[in-house]
Amino acid sequence: MSETLTITVADGNFNCYVARPSEPASAPVIIVLQEIFGVNAGIRSIADAYAAKGYIALAPDLFWRADPGLYLSEDQPGDWARGFALYSAYNFDGGVADIAAVVAAARTLSGASGKVGVTGYCLGGLMTYLSAARAHADAFVAYYGGGTEKYADEAGKVARPLLYHLAEEDEYIGKQAQATISAAFSANPHITLHSYPGCNHAFARPGGNHYDSAAATLANARTDNFFKQHL
Numbered sequence: 671m672s673e674t675l676t677i678t679v680a681d682g683n684f685n686c687y688v689a690r691p692s693e694p695a696s697a698p699v700i701i702v703l704q705e706i707f708g709v710n711a712g713i714r715s716i717a718d719a720y721a722a723k724g725y726i727a728l729a730p731d732l733f734w735r736a737d738p739g740l741y742l743s744e745d746q747p748g749d750w751a752r753g754f755a756l757y758s759a760y761n762f763d764g765g766v767a768d769i770a771a772v773v774a775a776a777r778t779l780s781g782a783s784g785k786v787g788v789t790g791y792c793l794g795g796l797m798t799y800l801s802a803a804r805a806h807a808d809a810f811v812a813y814y815g816g817g818t819e820k821y822a823d824e825a826g827k828v829a830r831p832l833l834y835h836l837a838e839e840d841e842y843i844g845k846q847a848q849a850t851i852s853a854a855f856s857a858n859p860h861i862t863l864h865s866y867p868g869c870n871h872a873f874a875r876p877g878g879n880h881y882d883s884a885a886a887t888l889a890n891a892r893t894d895n896f897f898k899q900h901l
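First residue of the sequence shown? That's 671 in my numbering, and the numbers climb one at a time after it.
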């Protein structure tokens, strides 16, 4: 069952796709953060999968200030250019503030238990990491957050459990960037890092060109166990 939740912040409002479990009961909320393609079919399918596992899932529109309601596909070359242009112009600090507003709303959402997790992919993976450093959810899971190495010095600010999935052959997160991330994360006991040999960026995107079934299944199982433990 899906619906739309509107979040109001100081400079406007934006929508979240909401997926709820079929059995009405008090449930933790998982916030699913988009890639550069918006809250598209892939992100909605991830939210729906969390709902099927008994969570309430929220997928906020991160690009709402520039292109509200964005719904792109990796199969369209023009969509890549449009997504990267929005990513290049994106205000990451403002995005963290938006996510913090979603977390606050999720705490008191009808049917919610008060526990909130955050997960995200690519852009959403970076925003998950930044939110772990700056916001106040209960648990965080980031998948291959492009640009994480630029914010490695914020790893020490992470005070809640963070699980991070990193592809070893990521074309957007090179070996030196991976080493920077690993070194920064290793000093913080709240952060668990898993690397996936032979995998490219977006190895866990449902139906994606670089989808790796074995690695995605392993990463998602680790994520499921992590959220069960902390939410």
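We treat Cβ as the ideally placed atom computed from N, Cα and C, and that holds for glycine.
By Cβ distance below 7 Å, which residues in the same chain neighbour LEU779 in space, the five residues on each side in sequence not counted? Counted from its first residue, the sequence shown places residue 779 at position 109. Correct list, in chain order: VAL699 and ILE726.
Is the beta carbon of HIS835 sitting closer than 7 Å to the one on ALA889? Counting from one through the sequence shown, the residue named residue 835 turns up at place 165. Counting from one through the sequence shown, the residue named residue 889 turns up at place 219. Yes, they are a contact pair.
Tell me LEU793's beta-bridge partners as DSSP assigns them. Numbered from its first residue, the sequence shown carries residue 793 at position 123. Paired residues: none, contrary to the question.
Using a 10 Å radius around the Cβ and a threshold of 16 neighbouring Cβ atoms, would you call HIS864 buried or exposed? To locate residue 864, count along the sequence shown from 1; it is residue 194. With fewer than 16 Cβ atoms within 10 Å of its Cβ, HIS864 is classed as exposed.
So does the region 865–880 actually touch the region 820–829, counting three or more Cβ pairs closer than 8 Å? no
For THR893, count the other beta carbons within 10 Å of its own beta carbon; 16 or more makes it buried, fewer makes it exposed. Which is it? Translated into positions along the sequence shown, residue 893 becomes position 223. Burial call: buried.
When we look at the beta-carbon of SER801 and count the other beta-carbons within 10 Å, is it buried (16 or more) or exposed? On the sequence shown, residue 801 is found 131 positions in, with the first residue counted as 1. Burial call: buried.
Use the C-beta contact count for THR789: other C-beta atoms within 10 angstroms, 16 or more gives buried, fewer gives exposed. The residue you call residue 789 lines up with position 119 of the sequence shown. THR789 comes out buried.
Can you check whether the CB of ALA717 is closer than 7 Å to the CB of ALA729? For this step, residue 729 is matched to residue 59 along the sequence shown. For this step, residue 717 is matched to residue 47 along the sequence shown. Result yes, Cβ atoms of ALA729 and ALA717 sit closer than 7 Å.
Quick one: what's got a C-beta closer than 8 Å to VAL766's C-beta in the same chain, skipping five residues either side? Counting from 1 along the sequence shown, the entry for residue 766 is found at position 96. MET797, LEU800, SER801, ARG804 and ALA805, listed in sequence order.
Give me the Cα-Cα distance between HIS900 and LEU740, rounded to the nearest whole angstrom. The sequence position of residue 900 within the sequence shown is 230, counting from 1. The sequence position of residue 740 within the sequence shown is 70, counting from 1. Rounded to whole angstroms, HIS900 to LEU740 spans 32 Å at the Cα level.
Classify ASN710 as buried or exposed, calling it buried when 16 or more other Cβ atoms lie within 10 Å of its own Cβ. Taking the sequence shown and counting its residues from 1, the one referred to as residue 710 is at position 40. That one is buried.
Counting beta carbon pairs with one atom in the region 845–854 and one in the region 808–825, are three or more of them shorter than 8 Å? yes
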